[in-house]
Each structure stands twice: as structure tokens, then as C-alpha cells.
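Asks: Under our numbering, the first residue of the sequence shown is numbered 4, with each subsequent residue one higher. For every residue, glycine included, the Cβ atom is placed at its ideal position computed from N, Cα and C.
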Amino acid sequence: DGESIPLGRLSVEPIGVDHSDQLETFGFRVMNGASSFAYSGDSGFDESLVRLARDVDLFVCEAGAPGDQEMKMHLNGRQAGEIAARAGVRRLLVTHLSPGADRAETADRARAAFGGPVELAEEGRSLDF
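(1) Hey, could you find the ends of the beta strand (DSSP E) V53 is sitting in?
(2) Going by DSSP in three states, G84 sits in which element: helix, strand or coil?
(3) Is there contact between the region 4–13 and the region 41–50, where contact requires at least three CB pairs shorter than 8 Å?
(4) So, helix, strand or coil for A110, using DSSP?
(5) Excluding the 5 residues preceding and the 5 following Q82 in the sequence, name in chain order all residues of the same chain whose CB lies nearer than 8 Å to its CB.
(6) Measure how close the beta-carbons of A90 and A113 come, nearest whole angstrom, since I'm counting them as under 8 Å.
(7) With a threshold of 7 Å on Cβ separation, who are the neighbours of I86 within its own chain once the five nearest residues in sequence on each side are excluded?
(8) Which same chain residues end up closer than 7 Å to N35 when comparing Cβ atoms and leaving out the 5 residues on each side of it in sequence?
(9) In its own chain, which residues sit with a C-beta less than 7 Å from the C-beta of G118, not counting the 5 before and 5 after it?
(10) So, using beta-carbon positions, are A110 and G80 closer together than 8 Å?
(11) Taking all protein chains shown into account, do 16 or more other C-beta atoms lie within 10 angstroms of the C-beta of L26, making it buried, or fewer, making it exposed?
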């Protein structure tokens with residue numbers, strides 16, 4: 004947790020997140036000097052996510068909990084937006100929605116909590132940052 008690993012021109016920092024008592028889980032913060040992004044991995048609402056995403060250009064955050072349901076193992080859209088706001092990220096990409104989730108509702112909840120640009124991940128899509 005917290006040690007940067009050089010990977011070519013990138014620096015990757017694994018940060019422990021709270022997903023399960025039985026399983027050690029990590030999010031990743033990736034930097035190349037000019038740009039940065041963070042990936043939450045599966046996680047419940049926890050301060051470690053704010054540290055993970057602090058001031059990144061792009062925060063890729065899971066929102067596997069449907070609607071406004073609060074779960075230990077997954078975030079909902081509102082929680083993803085709250086973490087993005089508290090961390091001061093520039094852009095939020097919400098991913099890992101539960102099957103049958105209302106995508107528009109999830110994005111709206113994230114947008115309302117974050118107040119910044121929010122997008123939903125789509126299979127096969129790539130992003131520049």
C-alpha cells in the first residue's frame with residue numbers, strides 16, 4: 004500500500020481499499036508526470052478512496068450498488084460522485100454498474116454529488132487524458 008512501482012514511463016501506486024474482510028483489495032493510482040488517473044476497484048465507501056483519487060485528472064470509479072442503495076462492497080453513483088468531489092478530481096468515469104442498473108439515474112446521481120464532468124464507461128471505449 005502506497006509504494007510507487009515504476010512501469011516504463013508510468014508510476015503505479017497500489018492503495019488498499021475496503022471491499023471485503025476476507026479479501027485484500029487495491030485501487031491503483033497511475034501517473035506519467037503530466038497526467039494522472041486512479042481506478043477504484045471494487046470498494047465500499049471509505050476514506051482510502053479520497054486519498055487514492057486526490058487531484059487526479061481522471062477517476063475511474065465503480066458504482067456497482069443499484070440506485071441509492073449503500074453496500075459494504077460496492078459504491079452507488081452518489082457515493083462515487085461524493086468521493087470525486089472530496090478528492091478534487093477533474094473528471095469522473097463511472098464503471099462496473101450492476102446489471103439492469105438505470106445508467107442515466109446512476110450518472111445523474113454521480114453528477115449531482117460531484118458537480119464536475121461525469122461519464123459512464125462503455126465496453127470497447129477508450130479515453131485520452
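Replies: On the basis of the data shown:
(1) By one-based count along the sequence shown, residue 53 stands at place 50. From DSSP, V53 is part of no beta strand (DSSP E) but of the alpha helix (DSSP H) over E50 to A56.
(2) Numbered from its first residue, the sequence shown carries residue 84 at position 81. Helix.
(3) Contact between the region 4–13 and the region 41–50 is absent, because fewer than three Cβ pairs lie under 8 Å.
(4) In the sequence shown, the residue the question calls residue 110 occupies position 107. DSSP places A110 in helix when its eight states are reduced to three.
(5) Taking the first residue of the sequence shown as 1, we reach residue 82 at position 79. Taken in chain order, the residues that qualify are F48, A66, A68, E73 and A116.
(6) Position 87 of the sequence shown, counted from the start, is the residue given in the question as residue 90. Position 110 of the sequence shown, counted from the start, is the residue given in the question as residue 113. Rounded to whole angstroms, the Cβ separation of A90 and A113 is 13 Å, and the two are not in contact under 8 Å.
(7) Start at 1 with the first residue of the sequence shown, and residue 86 comes out as number 83. Counting only Cβ-Cβ distances below 7 Å, and skipping sequence neighbours, we find L52, V53, A56 and C64.
(8) Taking the first residue of the sequence shown as position 1, residue 35 is located at position 32. Within the same chain, N35 has close Cβ partners R12 and L13.
(9) The residue you call residue 118 lines up with position 115 of the sequence shown. Hits under 7 Å: A88.
(10) In the sequence shown, the residue the question calls residue 110 occupies position 107. In the sequence shown, the residue the question calls residue 80 occupies position 77. Contact: yes.
(11) Residue numbering aside, residue 26 sits at position 23 when the sequence shown is read from its first letter. When all chains shown are included, L26 counts as exposed.
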